[in-house]
Amino acid sequence: MSVDVKVGFLGAGNMCQSIAGGMISSGTVKAENIIASARTEGGLSKVRSMGIRGTLDNCQVVKECSVIFLAVKPHILPGVLKQIAEAVTEDKLLVSVVNGTTNKEIEGLVGKSVPVMRTLPNTPVQVKSGVVAAYPGTHCTPSHTALCTSLMEPLGLFSILPSEGLIDVVSGLCGSSPAFLFMMVDAMADAGVRMGLPRQVAASLAAKTMEGSAKMVLECEEHPMQLASNVCSPGGTTIEGVYRLNRAGFKGTVMDAVIGSVEKTQGKEMRYNY
Amino acid sequence: MSVDVKVGFLGAGNMCQSIAGGMISSGTVKVENIIASARTEGGLSKVRSMGIRGTLDNCQVIKECSVIFLAVKPHILPGVLKQIAEAVTEDKLLVSVVNGTTNKEIEGLVGKSVPVMRTLPNTPVQVKSGVVAAYPGTHCTPSHTALCTSLMEPLGLFSILPSEGLIDVVSGLCGSSPAFLFMMVDAMADAGVRMGLPRQVAASLAAKTMEGSAKMVLECEEHPMQLASNVCSPGGTTIEGVYRLNRAGFKGTVMDAVIGSVEKTQGKEMRYNY
Chain G
451 MSVDVKVGFL
461 GAGNMCQSIA
471 GGMISSGTVK
481 AENIIASART
491 EGGLSKVRSM
501 GIRGTLDNCQ
511 VVKECSVIFL
521 AVKPHILPGV
531 LKQIAEAVTE
541 DKLLVSVVNG
551 TTNKEIEGLV
561 GKSVPVMRTL
571 PNTPVQVKSG
581 VVAAYPGTHC
591 TPSHTALCTS
601 LMEPLGLFSI
611 LPSEGLIDVV
621 SGLCGSSPAF
631 LFMMVDAMAD
641 AGVRMGLPRQ
651 VAASLAAKTM
661 EGSAKMVLEC
671 EEHPMQLASN
681 VCSPGGTTIE
691 GVYRLNRAGF
701 KGTVMDAVIG
711 SVEKTQGKEM
721 RYNY
Chain D
172 MSVDVKVGFL
182 GAGNMCQSIA
192 GGMISSGTVK
202 VENIIASART
212 EGGLSKVRSM
222 GIRGTLDNCQ
232 VIKECSVIFL
242 AVKPHILPGV
252 LKQIAEAVTE
262 DKLLVSVVNG
272 TTNKEIEGLV
282 GKSVPVMRTL
292 PNTPVQVKSG
302 VVAAYPGTHC
312 TPSHTALCTS
322 LMEPLGLFSI
332 LPSEGLIDVV
342 SGLCGSSPAF
352 LFMMVDAMAD
362 AGVRMGLPRQ
372 VAASLAAKTM
382 EGSAKMVLEC
392 EEHPMQLASN
402 VCSPGGTTIE
412 GVYRLNRAGF
422 KGTVMDAVIG
432 SVEKTQGKEM
442 RYNY
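The structure is reproduced here in structure tokens:
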């Protein structure tokens, strides 16, 4: 579904490239309708190779575009917002992909009643299978939400959360968990190698199995544990593995990891028994 | 890539439906070129609703088709093969999806030098994101392998293994592991719920994160542990979760599960410390 807006990015790094790349390849926004800013010409070379226009002038991006993505590092953001504040008008939409920065902080730094949408995309947006969690700021209307949804859906699952605070939870569940899943794939591959499969074969088979299993959870209406039960035939080979996972407290360990990442995001003190 | 062959299925259950469904929806084989047999008219209703012709006569399937899938339960297979042996000619290709039955056993029961391809599809073939591991029998030529590949690729990743014995390994790695992955998704969702996300949101976000992470492993050339390291920023939230997994021996537990399933498949004795 193509959208006829000019889209700007403050920041031309990985996040800009992933989001803009998704917009372009899905036909949602034409490359010529996208402009990005960076601090150096070198920082613009990648986006320019994608057909996106580049500039060193943040204010130019804000003036030309109706939707502007804030895609700079958190410590850079306050300076950038102060710089562009005057150019921002209340008919624009600011979409933040800046980690840990609230709608209120952004609204405060801009100092205008501009609509802001806070989002948290995760790493797999780069393969168009990501999660983008979002929460609208004070001045967002349903049509802003709908616009942002159209622009970001090409990246994967776009999800408005019940409250802004839950973005910290998604930071653990969707932002950090890819690392845990990469570890699981690697452990599966190691097991395959240990039992005689060549590494490359084991790694591909493990990753494809993970992809397909996730797809089943997404597409089938049954509870994941019902899907697990469905594949455990009586006295069979699968329940043997399930037994080993249960004995080892596998699900508790996974919960520990996700919860640990969330609590770290929330600034809680980390305590361990040694 | 469409293939102009008549394809038959002995057995019209889940496996037949998944494989035939993949062939039809990918345009590889026209539905009118597919016929399946079952023991009762009731057993044919599902495939007929897909547009596939059904019969109670196994020999009719053999006579009409050049590629025949053996898709019955292991204990049914010997009787079926004896029944159809006479009708089998050496210009046909038998593709077995019968669990635990070797090429040699099938060749012996048919009693002819017919090409046989042993395959092991896993559960996610039903969402076209499965793994099909395979090993060709004595009389398979490269063109039989190519034909089988074309027919089964719509289901996901088709992989000829270095040896037939490794099919038992893939049984654990790809056949059983979906259960372990469903458990991981459920544990991730539980963690999200514990930290305040509604169940449905947590479950979708967890499953999509798993799908996207697997897709990154499949599409990026880097080692999974390099991908994991890439998302662990210094002193950050992700490495906190990784620490918890490492302390708990997460990867060892996952290896235990896969290895346990493989060894059970191989008929080894299961021993545990209690």
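In order, the protein sequences belong to chains G and D. Heads up: take any position in the first sequence, counting from 1, add 450, and you land on my numbering. Heads up: take any position in the second sequence, counting from 1, add 171, and you land on my numbering. Where is the CB? At the ideal position from N, CA and C, for every residue including glycine. Everything numeric in this text was worked out from a predicted model, so none of it was measured.
* Any Cβ of chain G within less than 8 Å of the Cβ of residue 408 of chain D? -> yes
Bounding residues of the alpha helix (DSSP H) (the contiguous stretch that carries residue 693 of chain G): 687-697
Note to self: Using a Cβ-Cβ cutoff of 7 Å, what residues of the segment 684-709 of chain G are near chain D? List them in chain order.
What the structure shows: 687, 688, 690, 691, 692, 694, 695, 698, 700, 701, 703, 704, 705, 706, 707, 708, 709
| Any idea what DSSP makes of residue 573 of chain G, helix, strand or coil? | helix
Practice task
Taking residue 714 of chain G as the query, report the chain D residues whose CB atoms sit under 7 Å from its CB, ordered along the chain.
Solution key: 408, 411
Worksheet item: How would you label residue 523 of chain G, buried or exposed, when you count the other beta carbons within 10 angstroms and need 16 or more for buried?
Response: exposed
ask   = According to DSSP, what are the bridge partners of residue 503 of chain G?
value = G/485
*Positions along the segment 350-365 of chain D whose CB lies within less than 9 Å of some CB in chain G*: 350, 351, 352, 353, 354, 355, 356, 357, 358, 359, 360, 361, 362, 363, 365
I'd like to check one pair, residue 603 of chain G with residue 564 of chain G: are the Cβ atoms closer than 8 Å?
no
| Is the CB of residue 379 of chain D under 8 Å away from at least one CB in chain G? | yes
Going along the chain, which residues of the segment 291-321 of chain D sit with their C-beta nearer than 9 Å to a C-beta in chain G?
293, 294, 295, 296, 297, 298, 299, 300, 301, 302, 304
Q) Who are the neighbours of residue 682 of chain G on chain D, taking C-beta pairs under 7 Å? A) 350
Using a Cβ-Cβ cut-off of less than 9 Å, give me the residues of the segment 631-655 of chain G that come near chain D, in sequence order. 631, 632, 633, 634, 635, 636, 637, 638, 639, 640, 641, 642, 644, 645, 646, 647, 648, 651, 652, 653, 654, 655
For this session: Flag residue 345 of chain D as yes if its beta-carbon sits less than 8 Å from any beta-carbon of chain G, otherwise no.
Result: yes
- Cβ-Cβ separation, residue 593 of chain G to residue 568 of chain G (assumed contact under 8 Å), whole Å: Contact flag wrong, Cβ pair sits at about 17 Å.
- With 16 other CB atoms within 10 Å as the buried threshold, where does residue 596 of chain G fall? exposed
*Identify every residue that forms a DSSP beta bridge with residue 264 of chain D.*
D/238
**Asked** What residues in its chain sit with their C-beta under 6 Å from that of residue 205 of chain D, if we drop five residues either side in the sequence?
**Response** 178, 191, 223
| request: Could you confirm whether any beta carbon from chain G is found closer than 8 Å to the beta carbon of residue 382 of chain D? | output: yes
Quiz item: Would you report the Cα separation of residue 661 of chain G and residue 382 of chain D, rounded to the nearest angstrom?
Solution: 5 Å
**Asked** Where residue 503 of chain G and residue 453 of chain G are concerned, what is the direct C-alpha to C-alpha distance, given to the nearest angstrom?
**Response** 18 Å
> What span of residues does the beta strand (DSSP E) with residue 330 of chain D cover, start to end?
Replying inline: 327-331
Worksheet item: For residue 390 of chain D, which residues in chain G fall below 7 Å Cβ to Cβ?
Response: 577
For this session: Indicate whether at least one CB of chain G lies closer than 8 Å to the CB of residue 385 of chain D.
Result: yes
### Query
In three-state DSSP terms, what is residue 568 of chain G?
strand
Exercise. In the DSSP assignment, what are the bridge partners of residue 306 of chain D?
Worked result: D/289
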